Amino acid sequence: MKRWKVLSAVVVSGVLVATNLYLITKEDSKVSRSIFVEYWTKVKAATVTETFETKGVTIPAEEYEVYFDESGKEFQRFLVKEGEEVTAGTPLFEYEVKDLEKNKGEVEREITEITGSITEIEAYIKKLTDYKAQVPNASTVSEIVQGGVGLDRNASSDLIISTLEQEIYKQELEKSKLEERKTRLDSQLAAMNELSGPLTIDAEVDGVVKRIDQSLNNPVVIIASTQQAVKGVLSESQLHKTTVGMPVKITSPRLEKGINGTVGSVENYPVSEPSLNQKSMFPFQVVIAEEEDEEGVLPPLAVGSKVDVTVVTNEAVDVPTIPEKTVYGKDNLYVFKLTNNGYVNKQYVTAGLRANQKLEIASGPAEGDVVLVTPRVIPKNHSTFITPIQVEKVNLDAYNTFTTREKWRHFLVGLLEK
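Numbering (UniProt numbering), first residue to last: 1 to 418.
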């Protein structure tokens, strides 16, 4: 009888254990179960940068054209050679002025004429000022009319004064223009008086003499600036992402570190004539920032050097971010957040910028929150979770405080979840 009771108890216990195991492991079971979490990550503040890459070649940032006006001048000789470095103020070529004395005489005659005109205007202004002080004397009005000022003899005093003031302003304006012209002619005459031999045309910028036209066809000299730029081409999709002012990173095997720059220009007309049989490519240019190291300005690459160009089309700085592999859903994105209480909670996310398998969180988990990474199975909302044992962090003293029942419970839960 006693043996039968023991056997019955064992059978009942086995059935209960088997039933519970079935309910726990059965799919869509309503029995609460824990999930085993192997990988997780925290929401971290980081910078998300959206970029694209293309190729480029270094060129002079600008070219300056120097012209020679042959009228009244006689070219003498060039003072520089192609490939020569020049600075602002370097003489480029010499010339002499033809018929210098004749030109001086013409300038002097014009100065005399302008001086006479200024004297006449000053006298007329004085006369108008005197008239204005005598209004409304009747004889004064007659004199004003006879003097050529458009005025009705029966006009009021206010109208007469207003008309005189307008005429005075008009004459003073004309006088000012003549004085400006005379000042320029005086400077020109002074320069002519100082001429004693050939004159020179000087460089206005630092650079390298790119070309000299010995036939004196303008431009006679072209100077390429020492400041560099990068030119390249964009595909149609890249063109629509690119705007002037975007940051750029320029790299090359010949550079110890990348060079910063900005998009300086983007052309909307393709390099080649548009065709259905080939892709359209669009020119763009990058302005290189002048950077310095401990020894001064960094030396530029040789003109014509091939470089890699990375254009930053969008950037979110110091924002909450998570890896894209932690995000689920298509239209309504969500993550599984691990709470300090041991639960896995589903939380919806509003995505910001995405780039390099990283996602900006516009709204959702906060910085420092822990989210689940690639679980074996998609957990139910508000499930409990367990994590792998970290042997290096195991405290045997804490383990010894568990009761035998608690030890078996944790062992069986871990065994079942594993």
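Glycine included, C-beta positions come from ideal geometry on N, C-alpha and C. These figures come from a predicted structure and were not determined experimentally.
Review point. Does the segment 84–102 come close enough to the segment 309–318 that 3 or more CB-CB pairs lie under 8 Å?
Key: no
Check your understanding: What is the DSSP secondary structure of Ala-366, reduced to helix, strand or coil?
Key -> coil
Review point. Given a threshold of 16 other Cβ atoms within 10 Å of its Cβ, counted over all protein chains shown, does Tyr-131 qualify as buried or as exposed?
Key: buried
Review point. Where in the UniProt domain "YknX-like barrel-sandwich hybrid" (66–216) do unbroken runs of the alpha helix (DSSP H), each at least 4 residues long, occur, reported from the N-terminal end onward?
Key: 100–134, 138–146 and 157–194
Check your understanding: Helix or strand or just coil, what does DSSP make of Thr-326?
Key -> helix
Practice item. Between the Cα of Asn-103 and those of Thr-163, Leu-185, Ser-176 and Ile-161, spot the shortest distance and give me the residue it belongs to. Key: Leu-185
Review point. If you run the structure through DSSP and keep just helix, strand and coil, what is Gln-238?
Key: helix
Check your understanding: Among Lys-325, Lys-330, Leu-372 and Glu-70, which has the Cα closest to the Cα of Pro-219?
Key -> Glu-70
Check your understanding: When DSSP labels each residue in this structure, what does Arg-254 get in the three-state scheme?
Key -> coil
Review point. Okay, do the segment 214–234 and the segment 45–64 touch, 3+ Cβ pairs below 8 Å being the bar?
Key: yes
**Study point:** Cutoff 6 Å; reference Thr-251; Cβ partners in own chain excluding five residues on either side
**Key:** Gly-258 and Asp-308
Point to revise | Of the listed residues Lys-81, Leu-178 and Ile-114, nearest to Gly-207 (C-alpha basis) | key: Lys-81
Exercise for review: Indicate whether Thr-58 and Ala-229 have their beta-carbon atoms separated by less than 9 Å.
Suggested key: yes
Check your understanding: Shortest alpha-carbon distance to Leu-359 belongs to which of Ala-302, Thr-321 and Glu-179?
Key -> Thr-321
Check your understanding: So Ile-373 packs on Tyr-39, CB below 8 Å; how close in whole Å?
Key -> Note that residue 373 corresponds to Val in the displayed sequence, not to Ile. Right, their Cβ atoms sit about 4 Å apart.
Point to revise | Short Cβ contact (9 Å threshold) for residue 428 with Val-209 | key: The first residue shown for the chain is 1 and the last is 418, placing residue 428 beyond what the model contains.
Exercise for review: Would you check if there are 3 or more beta carbon pairs closer than 8 Å linking the segment 72–80 to the segment 325–344?
Suggested key: no
Check your understanding: Thinking just about the alpha-carbon of each residue, which of Ile-168, Gln-134, Asp-369 and Tyr-67 is nearest to the one in Ser-215?
Key -> Tyr-67
Review point. With a cut-off of 8 Å, do at least 3 Cβ pairs link the segment 106–125 to the segment 163–172?
Key: yes
Review point. In whole angstroms, what is the alpha-carbon distance linking Gln-347 and Ala-366?
Key: 11 Å
Exercise for review: Could you name the residues of the same chain whose beta carbon sits closer than 6 Å to that of Asn-381, not counting the 5 residues immediately before and after it, in chain order?
Suggested key: Lys-346
Check your understanding: Beta carbon of Val-271, beta carbon of Thr-243: below 9 Å?
Key -> no
**Study point:** Distance between Pro-323 and Tyr-334 (C-alpha atoms, nearest Å)
**Key:** 13 Å
Review point. Since Leu-353 is in the beta strand (DSSP E), which residue starts that stretch and which ends it?
Key: 350–355
**Study point:** Member of Phe-336, Ile-288, Ser-383 and Met-192 whose CA lies at the smallest distance from the CA of Glu-96
**Key:** Met-192
Review point. Taking DSSP as the reference, what is the three-state secondary structure of Thr-404?
Key: helix
Practice item. Write down the C-beta distance between Val-312 and Pro-247 rounded to the nearest angstrom, noting that I regard them as a contact closer than 8 Å. Key: 4 Å
Exercise for review: Would you grab the beta carbon distance between Ile-111 and Leu-189 for me? Rounded to a whole angstrom, and I think it's under 8 Å.
Suggested key: 7 Å
Check your understanding: How many Å lie between Val-48 and Gly-364 at the Cα?
Key -> 17 Å
Review point. From what residue to what residue does the beta strand (DSSP E) around Lys-279 run?
Key: Where Lys-279 is concerned, there is no enclosing beta strand (DSSP E), given that its DSSP letter is neither H nor E.
Review point. For Glu-63 versus Ser-225, is the C-beta distance shorter than 9 Å?
Key: yes
Practice item. Work out the CA separation of Glu-84 and Arg-211 for me, nearest whole Å. Key: 10 Å
Check your understanding: What is the DSSP secondary structure of Val-31, counted as helix, strand or coil?
Key -> Confidence in Val-31 is poor, its pLDDT being 45 and thus under 50, which makes the residue's placement too unreliable to answer from.
**Study point:** Integer-rounded CB distance, given that Ile-361 should sit under 8 Å from Val-37
**Key:** Rounded, the Cβ-Cβ distance is 20 Å, inconsistent with contact.
Exercise for review: Report back the beta-carbon spacing between Pro-274 and Ser-280 to the nearest angstrom; my notes put them in contact at under 8 Å.
Suggested key: 6 Å
Review point. Going by beta carbon distance, what residues of the same chain come within less than 8 Å of Lys-182, once the five residues before and after it are set aside?
Key: Ile-111, Ile-114, Thr-115 and Ile-118
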